[in-house]
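As they're listed, the protein sequences go chains A and B. According to our numbering, the stretch in the first sequence is residues 624 to 734, in order. According to our numbering, the stretch in the second sequence is residues 2 to 115, in order. From the three backbone atoms N, C-alpha and C, an ideal C-beta is built for every residue, glycine too.
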Amino acid sequence: EPEVTQTPSHQVTQMGQEVILRCVPISNHLYFYWYRQILGQKVEFLVSFYNNEISEKSEIFDDQFSVERPDGSNFTLKIRSTKLEDSAMYFCASSLGQKHTFGSGTRLTVV
Amino acid sequence: DQQVKQNSPSLSVQEGRISILNCDYTNSMFDYFLWYKKYPAEGPTFLISISSIKDKNEDGRFTVFLNKSAKHLSLHIVPSQPGDSAVYFCAASEQNTGFQKLVFGTGTRLLVSP
């Protein structure tokens, strides 16, 4: 069964540094998403991406965040200047419709 | 603003018995509902879904029931197996928006004991 692949699985970064989380969605999917889950909390929507542009973003997705699909296969989430509260699991997902297929996540730890 | 709520943080069931996980929602625009299972250090895995035009959907040991008037859905697992032990998330979306983000509940941790 096709998978969504995320790298790295764990990233530790210093506060104020930039991080890029990478994802390879399922190749024939049209919609791409980033979600995050702070420890012990629910999975929260960050941003959706369709037709090479952001289609919707949440309040969490402020100017420190950006997404890109640079080469037709990769889908990246950049956090420009990380804060302690950005520490979370970040999940990439892709879909053709409502059913999302999620990657296994990147655990981001900001110290 | 909790649009999707799972009021039971945990549930313990014996192997072979039925597990019933509940979910309530407040947004009447939601018209598609999904259940995901999540193991530690893994991403959510799709289990089963239901459209608002139905009140039941079944897939093997998993059945989802939807009560639109009560804005309530439930996932039944029968018979429960130890491998079903995981966190279960209810999620909802609006089909007609075109961009189908999912709104998740807080999850219910299911423990199935042998």
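Contact set between residue i and chain A, taken where Cβ atoms lie within less than 9 Å
i	result
Ser9(B)	Going along chain A, no residue has its Cβ under 9 Å from Ser9(B), so there is no contact; the nearest lies around 14 Å.
Leu35(B)	Gln721, Lys722 and His723
Other residues of its chain near residue i: CB distance less than 6 Å, five sequence neighbours each side excluded
i	result
Phe672(A)	Phe655 and Val690
Ile643(A)	Thr699 and Lys701
Asn28(B)	Gln4
Other residues of its chain near residue i: CB distance less than 7 Å, five sequence neighbours each side excluded
i	result
Phe684(A)	Leu669 and Val670
Residue-level contact to chain B via CB, residue i, 8 Å cutoff
i	result
His652(A)	no
Gln721(A)	yes
Tyr656(A)	yes
Test: residue i CB closer than 8 Å to a CB of chain A
i	result
Val88(B)	no
Lys38(B)	no
Within chain B, the residues that residue i reaches when beta carbons sit closer than 8 Å
i	result
Thr724(A)	Phe47
Ser710(A)	Within 8 Å Cβ-Cβ: nothing; Ser710(A) doesn't reach chain B, min ~15 Å.
Amino acids of chain A, ordered along the chain, whose beta-carbon sits closer than 7 Å to that of residue i
i	result
Phe63(B)	Going along chain A, no residue has its Cβ under 7 Å from Phe63(B), so there is no contact; the nearest lies around 14 Å.
Ser94(B)	Gln721
Contacts around residue i, its chain only, beta-carbon distance under 8 Å, and the 5 residues preceding and following it disregarded
i	result
Val666(A)	Tyr658, Arg659, Gln660 and Phe714
Host beta strand (DSSP E) of residue i (start-end)
i	result
Glu667(A)	Val666 to Tyr673
Leu653(A)	Neither: Leu653(A) is in no beta strand (DSSP E) and is coded neither H nor E.
Ser11(B)	Ser11 to Gln15
Leu22(B)	Ser20 to Tyr26
Amino acids of chain B, ordered along the chain, whose beta-carbon sits closer than 7 Å to that of residue i
i	result
Lys665(A)	Phe105, Gly106, Thr107 and Gly108
Ranges of the beta strand (DSSP E) found wholly within the segment 36-82 of chain B, counting only runs of at least 3 | 46-52, 57-60, 63-68 and 73-78
Only counting runs of 3 or more residues, tell me where the beta strand (DSSP E) segments fall wholly within the segment 674-702 of chain A, in order along the chain.
-> 676-680, 688-691 and 698-702
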